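All remarks here apply to the structure that follows.
Protein chains in written order, with our numbering: chain U, 1 to 284; chain V, 1001 to 1220; chain F, 2001 to 2220.
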């Protein structure tokens, strides 16, 4: 297989400022609600390459999608998580596609080419399904373009035996069962009692633990929020609520000026330390 | 008078015949020449078309006849013996019968007392009678309980009517919920089960969304 | 089998044609050959009669068509403009529901997870139940997989609604099959793996398998 020099490869990353493409993207962003998730958007972008899906440039598609996400973020569009997951995956795929082949040898995982092929297959399959759906909606339909004979009241005059049959559809029956189930759930409903760390408990715990920390002059020790969580074997729900309650209690202390909170970037550990004011508060 | 865009010669006898044939076929009552003319293009001549159509159908199993000043198709009277089985009157079953049937199909064998517990209301005799008459339920074994109450089960005709090949194909509650058949979710289901909270974070996503990333696993 | 007193030759093609014509005309739903045979005299041969009848009706305003093995009369679709007043209220069907219906019809039997894999999104409420309510889909056999998930399949009413005589008539079905697009599996399971790669390159490369080179060239 031909291996391209790296500088050529990375020139692909330079965003192209094409007025027509930008206008296209605007249309896509405005109509975002009309699309059925990230795969549908990808298919729309793929169609714009105006080539047979089998000859699609996956790298170009990835770049278009990432560009689309970037613009959506710029416009502060509220994108569903699906779209961001897809973006993360495509960014990963892109890096794999751009790496020299030797560098990406990993055992029992798909090669970049196979991953791209899988994506391409999904797009082709979705395209086929969407075409089928469109064809279906344009077919002549019973009761719209094609008609059946309707039973004639006069038929009875023919002096024939009338046989009564009872009818119900599967949907009717399932819906009836669904209703019964719901009635029951409503009837037997009890408010569940949860074992949670209350705000009061959290405030008490936070003050006690921060007060007990080694203190060296004005430079208090930074400690992480995680280290303040209860270590005992508690339920997962209790640990979750502890995290939330301790954090909220922490915010309350910050508001009072008794605490400093610090976090470098999202999802990093949260650090806290007591201020001088905290000392006065705990003394008094 | 309506006008249509098709390019066919609307006055051609053949076209008028086809249109009349379809209009008469679909009409639930005999349809008058005037009614048909109103739906045809201006200048279409109907009577010759109808008479020609009547000739086409003469001696066939279905004939074109005039009744009450209108035109309609009627089966030839000599064929009545073949048609007796088809004189069918469809009757939609009542809500109560529907619920009862649903419970029997999901909980069979089930006694009348159990039925009433599940439905939360008394079951009138007429309800079970309707289902029996429809041939969808039948008595099953007696329950080994005081009074040896009769149980009810569904019949093969029930499966037949609902085009199911086995009882196994009745969707379960989770599947009904997924299909939108349980609309209002009980509040208790909305709150995640304690163990779910971290389980989903850990990655073994419970719902099978499978975005393109069926390849996603490779990211790890 | 019924016996009749008329003196006609019951096996004569013409007689069988007339009887079938009347039976199909009167039946509220498409009627199967077996159902008709049951009402006819022993030894009557129906299929040639039905095919001949179908030819008689070809090109007329009303046509004899097959729907999932049953026979029925339906108006010719080009005559719709004359019949507008019989139109039933059109079911507004969302794009999501239509795509879901397309997947069920082409990929059946298909589980909900497979549906979601193919569309790349969760199936929202109101999609499957809309199709179920329309009577176009029903539950099929459970798949022999962990959790025994329910599959969904189309009904005869679906074929009748969309004027298809059988599933084989779905537009583009053969092409989709040839292109391997009827595969219900997740994409990563469909594409050939390392070891298969050379085999397919060597000969029967059907579609897009040796993708990597293309991709790399497009980088330039």
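The C-beta atom is built at its ideal place from N, Cα and C for all residues, glycine as well.
Being a predicted model, the structure only gives us computed values, none of them experimental.
- Between residue 2033 (chain F) and residue 2046 (chain F), the alpha-carbon positions lie close to 7 Å from each other.
- For residue 1065 (chain V), the uninterrupted beta strand (DSSP E) run begins and ends at 1062 to 1067, by DSSP.
- With fewer than 16 other beta carbons inside 10 angstroms of its own, residue 1065 (chain V) counts as exposed.
- Distance between residue 250 (chain U) and residue 1181 (chain V), taken at the CA atoms: about 45 Å.
- Contact annotation: residue 140 (chain U) and residue 2080 (chain F) have beta-carbon atoms nearer than 9 Å.
- No Cβ of chain V is located within less than 9 Å of the beta carbon of residue 199 (chain U).
- Using a Cβ distance threshold of 9 Å, residue 2022 (chain F) and residue 1059 (chain V) do not count as a contacting pair.
- At least one CB of chain U lies nearer than 9 Å to the CB of residue 2098 (chain F).
- DSSP, reduced to helix, strand and coil, places residue 260 (chain U) within a strand of the structure shown.
- Interface residue (Cβ-Cβ distance to chain F less than 9 Å): residue 1110 (chain V) is not classified as such.
- From the beta-carbon of residue 1060 (chain V), the residues of chain F found nearer than 7 Å are 2018, 2021.
- Taking the Cα of residue 2171 (chain F) as reference, the smallest distance to any Cα among F:2105, F:2125, F:2132 is reached at F:2105.
- For residue 1033 (chain V), no Cβ of chain F is located within less than 9 Å of the residue's own Cβ.
- Short of 8 Å from the beta carbon of residue 206 (chain U), and not among the five residues preceding or following it, lie these beta carbons of its own chain, in chain order: 228, 246, 249, 250, 253.
- Chain-order list of chain F residues neighbouring residue 1124 (chain V): empty, with the shortest C-beta distance near 27 Å, by a criterion of under 8 Å.
- Nearest to residue 168 (chain U) by alpha-carbon distance, out of V:1092, V:1169, V:1108, V:1141, is V:1092.
- A direct Cα-to-Cα measurement between residue 1073 (chain V) and residue 174 (chain U) gives close to 39 Å.
- The segment 2094 to 2112 of chain F and the segment 1146 to 1157 of chain V do not touch, with fewer than three beta-carbon pairs separated by less than 8 Å.
- Boundaries for residue 1031 (chain V): no alpha helix (DSSP H) harbours it, and the DSSP string shows neither H nor E there.
- Closest in alpha carbon position to residue 1051 (chain V), among V:1075, V:1018, V:1077, V:1039, is V:1018.
- According to the DSSP secondary-structure assignment, residue 1070 (chain V) is paired through a beta bridge with V:1067.
- Scanning chain U for C-beta atoms nearer than 7 Å to the C-beta of residue 1090 (chain V) yields 165, 167, reported in chain order.
- If the five residues before and after residue 1070 (chain V) are omitted, its C-beta is found closer than 6 Å to the C-beta atoms of 1030, 1031, 1032, all from its own chain and listed in chain order.
- The CB of residue 1120 (chain V) comes closer than 9 Å to the CB of 180, 183, 184, 187 in chain U, given here in chain order.
- Residues of chain U whose Cβ lies closer than 9 Å to the Cβ of residue 2177 (chain F) do not exist; the shortest such Cβ separation is about 10 Å.
- Your pair residue 2114 (chain F) and residue 2184 (chain F) checks out as a contact, with CB atoms roughly 5 Å apart and the cut at 8 Å.
- Here DSSP, grouped into helix, strand and coil, assigns residue 2150 (chain F) to strand.
- By DSSP's assignment, residue 2161 (chain F) forms no beta bridge with any residue.
- At least 9 Å separates the CB of residue 1135 (chain V) from every CB of chain F.
- For residue 1158 (chain V), not one C-beta of chain F is nearer than 9 Å to its own C-beta.
- Cβ atoms of residue 1098 (chain V) and residue 172 (chain U) come within 8 Å of each other, at about 6 Å.
- Taking the Cα positions, residue 62 (chain U) is about 44 Å away from residue 178 (chain U).
- In the DSSP annotation of this structure, the continuous segment of the beta strand (DSSP E) that includes residue 271 (chain U) starts and ends at 271 to 274.
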